[in-house]
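Student:
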Amino acid sequence: MSENSSAIKARNQQYNEYVETVTPKTSIPKALFHSFVVGGITCVIGQGIGDITMLIAPNLPKDMVSNITSMILVSVAILLTGLGVFDVIARQGGAGSFLPITGFANAMASASMEFKTEGLIFGTSVKLFSVVGPVVVNGVVWSTVAGLVNLIILGMN
Amino acid sequence: MALFKKIKRSQPESQSIINSSSMPTKTRFSPRPRIMRFYNMPRIIGRMSVVGEKESKGPVGKYFSKCETDDKMGEKTFERAEIRMFDTAVRGAVRDARMDIDDIDVMISGDLLNQMTTSSYAARDIGVPHIGIYGACSTMTEGLMLSAALVDSGYFSNVLCAASSHFATAERQFRYPLEYGCQRPPYAQWTVTGAAASVVSRTTTDTERFPRITMAIPGLITDFGINDLNNMGAAMAPVDVIIAP
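Chains Z and A, in that order, are what the protein sequence lines are. Mapping of the first sequence onto our numbering: position 33 corresponds to residue 33, and the numbering continues sequentially without gaps. Add 1000 to a position in the second sequence, counting from 1, and you land on the number used in our numbering.
1) Examine chain Z for any beta-carbon lying closer than 9 Å to the beta-carbon of A:Gln1115, and answer yes or no.
2) Does the Cβ-Cβ distance between A:Ile1044 and A:Ile1221 come in under 9 Å?
3) Please tell me whether A:Asp1102 and A:Ala1163 are closer than 9 Å, where the distance is taken between their beta carbons.
4) Per DSSP, what kind of secondary structure is A:His1166 in: helix, strand or coil?
5) So what's A:Lys1066 in DSSP terms, helix, strand or just coil?
6) For Z:Phe86, which option in Z:Asn59, Z:Val131, Z:Gln47, Z:Val38 has the closest C-alpha, if you only look at C-alpha atoms?
7) Can you list, in chain order, the residues of its chain with a C-beta nearer than 7 Å to that of A:Met1116? Leave out the 5 residues immediately preceding and following it.
8) Please report how far the alpha carbon of Z:Pro61 lies from the alpha carbon of Z:Ser75, in whole angstroms.
9) Do we get a CB-CB distance below 9 Å when we pair Z:Lys25 with the residues of chain A?
10) Please classify Z:Cys43: is it buried, with 16 or more other beta-carbons within 10 angstroms of its beta-carbon, or exposed?
11) Can you list the residues of chain Z that A:Gln1189 reaches, using a CB-CB cut of under 9 Å?
12) Short of 7 Å Cβ to Cβ, which residues in the region 37 to 62 of chain Z face chain A?
13) Which chain Z residues are close to A:Cys1137, counting only those with a beta carbon under 7 Å from its beta carbon?
14) For the structure I just gave you, are there three or more beta carbon pairs, one from the region 1120 to 1129 of chain A and one from the region 1080 to 1098 of chain A, closer than 8 Å?
15) Go ahead and label A:Ser1021 buried or exposed: buried means 16 or more other beta carbons lie within 10 angstroms of its beta carbon, across all protein chains shown.
16) Whose C-alpha, out of Z:Gly82, Z:Thr81, Z:Met113, Z:Thr117, is nearest the C-alpha of A:Glu1075?
17) Buried or exposed: Z:Pro158, going by 16 or more other Cβ atoms within 10 Å of its Cβ?
18) At least one CB of chain A closer than 9 Å to the CB of Z:Gly147: is that the case?
19) Out of A:Tyr1176, A:Phe1224, A:Met1099, which has the shortest C-alpha to C-alpha gap to Z:Ile8?
20) Taking only beta-carbon positions, decide if A:Arg1212 is within less than 9 Å of chain Z.
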């Protein structure tokens, strides 16, 4: 009777079907609405910060303005994480709160806070990327792939 | 040599006889019941439980002995808080049994952390010989079973068994950082913030009024193929225990 025998498989499938019927589900329209609202508000705030920056310093180039905007958003997200507010928002927002740059900031700040007690080097420094590691790895890998594809198709310019 | 060969040849036959005749259900184990019966009546003569705020507001909240409203309990880290909670529970149970720490022969305890940090550090301060067990959710019952066996067999007369867990330390050990904004599905479980201890002792005229442990059955590991990390209830619900032959 190994794990792969047909009797065990049938039993597991039957049990999994039963579990499906009894576990409560999240309502998808509600979750979509919540994440749309939270993500939308984040984006509106970002746009507002950008517009205000342009009003204050009209001579700045456009990419500089977007850099300043993301810096401010990241700082605010880290501040909210430290105050213990961000995870309350994120529990409602779901993807709406972790897809924008604020989610990345929250993941790094929360990990550094959590492992602060283990010391500055072996705690915070080692575990800082424990949650966002996959994002960084995939970002590097897929941008490399995209660069290679770009090089092959378009050649060096 | 001849004898050895004979034994070797006869073994598969006897195995097949057991499997085919006595047990209709398909099990890879022999159907012999594995029950421990404690004839000398070990009794639970003292107990103490300490829980966090969320647990004390739950449906069984009124049965706990002590509630800690502060998650860190005045300590620097959550791990230290768990050790403190454990210590409180152990000392409270010993007090409840009207004993002194020196009367305890051995402590059987466990928790969820790496290298059983909580119970080892607590045992260092308590100063009782310590046997560490790791049974995850079954640590307490496992400890009760083992301490009942130790008391029943007469090796020890007073055995303390304890278990503890803390939501924050378990989250950090197994899941995400506390402030990380991730969504929990509606069926996700929370690790209990709590510690409990009980003193198991042999029957004397003084202890006759306390509940006794009569028997114990260790269960089998059952895996029904639940792969959802958050749905621990469904993963743990199936049990496989052979009670009757």
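Beta carbons: idealized from backbone N, C-alpha and C, even for Gly.
Tutor: Reading it off the structure:
1) no
2) no
3) no
4) Correct three-state label for A:His1166: coil.
5) strand
6) Among Z:Asn59, Z:Val131, Z:Gln47, Z:Val38, the Cα nearest to that of Z:Phe86 is on Z:Val38.
7) So the qualifying residues of the chain are Gly1110, Gly1132, Tyr1134.
8) 22 Å
9) yes
10) exposed
11) By Cβ distance, chain Z contributes nothing, its closest Cβ being about 12 Å from A:Gln1189, past 9 Å.
12) Along the region 37 to 62 of chain Z, there is no position whose C-beta sits under 7 Å from a C-beta of chain A.
13) Neighbours of A:Cys1137 on chain Z: none; closest Cβ ~18 Å, over 7 Å.
14) The region 1120 to 1129 of chain A makes contact with the region 1080 to 1098 of chain A; the number of CB pairs closer than 8 Å reaches 3 or more.
15) Confidence is the limiting factor: at A:Ser1021 the pLDDT is only 41, short of 50, which leaves the residue's position unreliable, though a coordinate-based value still follows. By the neighbour-count rule (16 or more Cβ atoms within 10 Å), A:Ser1021 is not buried but exposed.
16) Z:Thr117
17) Because chain Z spans 1 through 157 in this model, residue 158 of chain Z falls outside it and cannot be assessed.
18) no
19) Nearest C-alpha to Z:Ile8 among A:Tyr1176, A:Phe1224, A:Met1099: A:Phe1224.
20) Output row for A:Arg1212: interface = no.
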